[in-house]
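Asks:
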Amino acid sequence: MATTWKLDPSHSEITFKVKHMMISNVKGNFQTFDAEIKSEDDSFKNAKTSATIQTDSVFTNNSDRDNHLKGADFFNVEVNPTINFESDSLNDEITGNLTINGVTKPVKLDVDFGGINVDPWGNTKAGFSFEGKIKRSDFGLTYNATLETGGVLVSDEVKIAGDLQFSKQA
């Protein structure tokens with residue numbers, strides 16, 4: 786019988802990092818997201834996972850940049866309110882389908898299973914960290930500007946990472 790694990794959002798984060806002007810990284814995160822794991826046992830081998838990120842929750846600590854990211858040049862939150870991920874494989878890596886901006890592509894992310902423990906209130910928790918890279922152009926996110934010194938304003942490569950904690954459901 787499959788066990789369902791629900792995301793504990795107060796102990797979880799999803800972040801991204803992208804090279805700006807080819808000289809430094811800009812970091813951001815998504816403040817509203819949900820995820821679920823369905824597993825046959827506590828090893829999580831080949832567990833089914835799903836996640837939904839609210840695109841309008843993007844936060845980079847700069848309201849002008851955040852509003853640009855929410856607009857038509859990037860996430861177009863009015864048309865594409867969510868980023869979605871679905872996978873049937875969870876081991877030392879997770880392979881699944883990522884949908885951004887209405888475009889679905891396969892992605893592979895490295896996963897570190899932190900283990901299982903019981904919190905002081907008797908809830909069984911499991912922790913995972915993940916990281917990987919995607920090309921934003923694969924998802925139709927092609928906005929850019931050429932710099933007068935050569936190069937581009939925003940790199941195509943986006944590093945994504947997360948630390949997620951889940952609660953085992955009865």
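Heads up: take any position in the sequence shown, counting from 1, add 785, and you land on the working numbering.
A virtual CB, placed ideally from N, CA and C, is assigned to each residue, including glycine.
Kindly indicate the opening and closing residues of the beta strand (DSSP E) around L938.
Replies: Premise fails: L938 is in no beta strand (DSSP E) and is neither H nor E.
Asks: If you measure between the beta carbons of Q954 and K791, is that distance less than 8 Å?
Replies: Yes; because the gap between Cβ atoms is below 8 Å, this pair is in contact.
Asks: Determine, using beta carbons only, whether T889 and T867 come nearer to each other than 8 Å.
Replies: Result no, Cβ atoms of T889 and T867 do not sit closer than 8 Å.
Asks: Are three or more beta carbon pairs between the segment 938-953 and the segment 910-918 nearer than 8 Å?
Replies: The segment 938-953, when compared against the segment 910-918, does touch it at the 8 Å Cβ threshold.
Asks: Using the DSSP secondary-structure output, state which residues sit across from V896 in a beta bridge.
Replies: Paired residue(s): F915.
Asks: Give me the Cβ distance between N814 and T800, rounded to the nearest whole Å; I'm assuming they're in contact under 8 Å.
Replies: 5 Å between Cβ atoms; contact.
Asks: Which same chain residues end up closer than 7 Å to N929 when comparing Cβ atoms and leaving out the 5 residues on each side of it in sequence?
Replies: Excluding sequence neighbours, N929 sits near V937, L938, V939.
Asks: If you scan the segment 846-870 from start to end, which runs of the alpha helix (DSSP H) of 4 or more residues do you find wholly inside it?
Replies: For the segment 846-870, whole alpha helix (DSSP H) runs of length 4 or above, ordered along the chain, are 848-855.
Asks: Report the three-state DSSP secondary structure of P794 (helix, strand or coil).
Replies: P794 falls in the helix class under three-state DSSP.
Asks: Just to confirm before moving on: does the CB-CB distance between T845 and K855 stay below 8 Å?
Replies: Cβ distance not < 8 Å, so T845 and K855 don't count as in contact.
Asks: Grab me the residues of T931's own chain with a C-beta within less than 7 Å of its C-beta, minus the 5 sequence neighbours each way, in chain order.
Replies: Closer than 7 Å at the Cβ level, and outside the excluded window around T931, lie V937.
Asks: So V896 and D877 are in contact, right, with Cβ under 8 Å, and what is the actual spacing, rounded?
Replies: Right, the Cβ-Cβ distance comes to about 6 Å (below 8 Å), so this counts as a contact.
Asks: Tell whether a beta-carbon distance below 8 Å holds between N861 and N886.
Replies: Yes, the Cβ-Cβ distance between N861 and N886 is below 8 Å.
Asks: Report the rounded CA-to-CA distance for G925 versus N831, giving the unit in angstroms.
Replies: Their Cα atoms are separated by approximately 30 Å.
Asks: Check whether the Cβ atoms of G899 and I945 lie closer than 8 Å to each other.
Replies: No, the pair does not count as a contact, with Cβ atoms beyond the cut-off.
Asks: Just how far apart, CA to CA, sit D858 and N902?
Replies: Taking the straight line from one Cα to the other gives about 43 Å.
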